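One structure is given below, encoded as structure tokens.
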């Protein structure tokens, strides 16, 4: 099954929620794995420095931007709408962290 053929709001929400998680892991692979840092040390960095959380979430949302663009190009509006809703939820989370 080609994932770009399905046009579903729930698919968009799932992709929109998982996209930043993938972006978070890509950020780890690019910035911390070459330095020999374990994933546990990477996660502890955010526990000790909570001001970094909204910055990394913002970078991780780039994956949603690419996914949203692809689905709008394929004219899958319901899936695009789900990705947008998930991105807005992440934006609210970022604002909450910044206001802490």
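Numbering (our numbering), first residue to last: 1 to 100. Beta carbons: idealized from backbone N, C-alpha and C, even for Gly. Keep in mind that this is a model prediction, so the values were computed, not measured.
Given that a residue counts as buried once 16 or more other Cβ atoms are within 10 Å of its Cβ, and exposed if not, what is residue i?
| i | result |
| --- | --- |
| residue 61 | buried |
| residue 34 | exposed |
| residue 76 | buried |
| residue 64 | buried |
| residue 68 | buried |
Which value, in whole angstroms, describes the spacing of the CA atoms of residue i and residue j?
| i | j | result |
| --- | --- | --- |
| residue 97 | residue 57 | 10 Å |
| residue 15 | residue 8 | 11 Å |
| residue 41 | residue 88 | 29 Å |
| residue 47 | residue 93 | 16 Å |
| residue 36 | residue 59 | 22 Å |
| residue 45 | residue 31 | 13 Å |
Nearest by alpha-carbon distance to residue i: which of the options is it?
| i | options | result |
| --- | --- | --- |
| residue 55 | 37, 80, 24 | 24 |
| residue 86 | 8, 19, 6, 2 | 19 |
| residue 81 | 3, 4, 10 | 10 |
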